Amino acid sequence: MAIRITAPLTREAARALRAGDSCLLSGKIYTARDAAHKRLCELIEKGEELPIDLADSVIYFVGPTPAKPGEAIGSAGPTTSYRMDAYSPRLISLGQTAMIGKGKRGPEVVRAMQEHGAVYFGAIGGCGALLSRCIKHAEIVAYEDLGAEAIRLLEVEDFPVVVVIDSEGNNLYESGRADYLASLDGGQA
Amino acid sequence: MRTIRAAEVTDAVRRLSIDANCHLTEDVKRRIADAYGQERWEGAREILGRIIENYEIADRESCPVCQDTGVACVFLKIGQDVHVEGNLEAAINEGVRQGYSEGYLRKSVVRDPLNRINTGDNTPAMIYYEIVEGDKLEITLAPKGFGSENMSRIAMLRPSDGVEGVKDFVVRAVEEAGPNPCPPIVVGVGIGGTFDKAAYLAKRALLRPLDEPNPDAYYRALEEELLERINALGIGPQGFGGRTTALAVNIEKMPTHIAGLPVAVNINCHVTRHKTEVL
Chain A
649 MAIRITAPLT REAARALRAG DSCLLSGKIY TARDAAHKRL CELIEKGEEL PIDLADSVIY
709 FVGPTPAKPG EAIGSAGPTT SYRMDAYSPR LISLGQTAMI GKGKRGPEVV RAMQEHGAVY
769 FGAIGGCGAL LSRCIKHAEI VAYEDLGAEA IRLLEVEDFP VVVVIDSEGN NLYESGRADY
829 LASLDGGQA
Chain B
1023 MRTIRAAEVT DAVRRLSIDA NCHLTEDVKR RIADAYGQER WEGAREILGR IIENYEIADR
1083 ESCPVCQDTG VACVFLKIGQ DVHVEGNLEA AINEGVRQGY SEGYLRKSVV RDPLNRINTG
1143 DNTPAMIYYE IVEGDKLEIT LAPKGFGSEN MSRIAMLRPS DGVEGVKDFV VRAVEEAGPN
1203 PCPPIVVGVG IGGTFDKAAY LAKRALLRPL DEPNPDAYYR ALEEELLERI NALGIGPQGF
1263 GGRTTALAVN IEKMPTHIAG LPVAVNINCH VTRHKTEVL
């Protein structure tokens, strides 16, 4: 049974989630990937104001295809998250509570998640056509010159995600694989 | 000598860019559907079901299966009796430019690997030229996503490492990639040649239809064994656990030096895309 959650996501709500939980996310989330993360962190270094509000923010690592006329957005599945590992701890320390992507994260990200109370969600990679149906509205809020990599504010409805790493450091990539392999030993699968 | 106008090449590349990105080939769909039928781990089955739903939506609405519409890899087989009137490379890039614009596809190419400015039209294409007999021009366009490309590996093994060394290297590459390349994946393997040829073979191996057996019985058996070992890893769809880590292993090989055993692994995700036209 999927857990319904809303974005922005409070620290309390983020801390309540556990690796393996299936969630349906509704509300407002930002998009950002490599180039936008780099620019945000450069602004932070310089002590300048950010173009987005990081408090309780959910950032979706995605670079969508262009919207066709009459559509909110094109295909919009997750990109591989480890490329954001250099930047995520900084953003988490400044208020970000959730990331949506796919693939492994480094120990420095997991440490920041544990310290501040943040969660890492996985969305299904390679399912951009399906996931775009849960995105009702999209507008560029920063870095329009980056094209697909611009920061967008998305309004999502029942967007399906799975908790991959929770705020205690539990990891579905490890437990899911171990559970499956154990089921083979037990003759269940 | 047969003449083909450059504009015909542009038209073909434009059509192929859109078609390849919005419609998976039937062999890939069948392999995913078969995996769904064979998968017993509930969470894995659910993800495979979503993957099927996704490509069905893309087919119906002619929208990209995945938002990473890739760098356009263009494989040419140019008949030696063909004369292309005009600039072939420019014609291909113009086709990519038109296709990626008209098809609402993502522009994912930067002009320079270090000073990263997007070219804005997904050019240039990565072009692979092969001269063959005849008077036809065969164009295959394979959009290559980089989530999987980044997980690719190459090694210069010693001849004494033998087939066991090759197997271990391939399986280790897949295991280390884990959830990153969007499993279930297709594994392209190139064995032999030189450092660069092995990588090229691995990429070309991804073009072979998944239901077309390797013509060489020894390598067919090797592909089957590798697929079995990979699907025993338990990584599963999206890395959440399950049987279906890979849909297929495709191997290409060629002669090599007495001192070497190059092996390359080029990984593709379940959105394994390529379409061909013959002019």
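The listed protein sequences correspond, in order, to chains A and B.
Under this note's numbering, the first residue of the first sequence is numbered 649, with each subsequent residue one higher.
Under this note's numbering, the first residue of the second sequence is numbered 1023, with each subsequent residue one higher.
Beta carbons: idealized from backbone N, C-alpha and C, even for Gly.
Quick caveat: nothing in here was measured; it's all calculated off a predicted structure.
Distance check between L1269(B) and each of K1275(B), G1263(B), G1258(B), T1278(B) places G1258(B) closest, using alpha-carbon atoms only.
For K694(A), the uninterrupted alpha helix (DSSP H) run begins and ends at 682-694, by DSSP. Between the alpha carbons of P1146(B) and L801(A) lies a gap of roughly 30 Å. Remark: C-beta atoms of S1039(B) and G1117(B) approach each other more closely than 8 Å. Taken atom to atom, the span from the alpha-carbon of K686(A) to that of E1234(B) is near 44 Å. Per DSSP, the unbroken alpha helix (DSSP H) holding T1032(B) starts and ends at 1028-1044. Around the beta carbon of I783(A), 16 or more other beta carbons sit within 10 angstroms, so the residue counts as buried. Your pair E1186(B) and R1226(B) does not check out as a contact, with CB atoms roughly 24 Å apart and the cut at 8 Å. Following the DSSP letters along the chain, one finds N1288(B) inside the beta strand (DSSP E) bounded by residues 1283-1290. P1146(B) has a beta carbon lying at 8 Å or more from every beta carbon in chain A. In the structure shown, the three-state DSSP call for Y1126(B) is coil. Pairing R1128(B) with G711(A) gives a Cβ-Cβ distance under 8 Å. Within 7 Å of the CB of C782(A), no CB atom of chain B is found; the nearest one sits about 12 Å away.
Within 7 Å of the CB of P1201(B), the CB atoms of chain A belong to K750, G751, K752, Y821, in sequence order along the chain.
By the neighbour-count criterion, in which a residue is buried when 16 or more other Cβ atoms sit within 10 angstroms of its Cβ, G1184(B) is exposed. At a cut-off of 8 Å, the C-beta of S723(A) has a neighbouring C-beta in chain B.
If you look at D806(A), you'll find it in the beta strand (DSSP E) that goes 799-813. In summary, the residues of the segment 718-746 of chain A whose CB is separated from some CB of chain B by less than 8 Å are G722, S723, A724, G725, T727, T728, Y730, in the order they occur in the chain. Residues of chain A whose Cβ lies closer than 8 Å to the Cβ of S1130(B) are, in chain order, G711, A796. Between I700(A) and Y678(A), the CB-CB gap stays under 8 Å. At least one C-beta of chain A is nearer than 8 Å to the C-beta of T1091(B). Interface flag for L1269(B) against chain A is unset, since no Cβ pair is found closer than 8 Å. Taken in chain order, the members of the segment 1071-1084 of chain B whose beta-carbon sits within less than 8 Å of a beta-carbon on chain A are R1072, I1073, E1075, N1076, Y1077, I1079, A1080, E1083. Under the DSSP assignment, F1168(B) falls in the alpha helix (DSSP H) whose first and last residues are 1168-1171. Residues of chain A with a Cβ closer than 9 Å to the Cβ of H1292(B) are, in chain order, G773, G774. Note: I677(A) is bridge-paired with L802(A) in the DSSP secondary-structure output. Taking 8 Å as the cut-off, the beta carbon of G725(A) is found closer than this to the beta carbon of G773(A).
Interface criterion not met: the Cβ of Y708(A) is under 8 Å from no Cβ in chain B. Within chain A, the residues whose beta carbon sits less than 8 Å from that of Y1126(B) are T713, P714, A715, K716, G722, listed in sequence order. One alpha carbon belongs to K1051(B), the other to L672(A), and they sit about 27 Å apart.
For N819(A), DSSP records a beta bridge to I813(A).
Within chain A, T713, G722, S723, G776, A777 have C-beta atoms less than 9 Å from the C-beta of P1086(B), given in sequence order. Flagged as an interface residue toward chain A: I1069(B), by a C-beta distance shorter than 8 Å. The contact set of L829(A) on chain B, defined by CB atoms closer than 7 Å, consists of G1256 in chain order.
Around the C-beta of F1217(B), fewer than 16 other C-beta atoms lie within 10 Å, and the residue is accordingly described as exposed. Any Cβ of chain B closer than 8 Å to the Cβ of V810(A) would place that residue at the interface, and such an atom is present.
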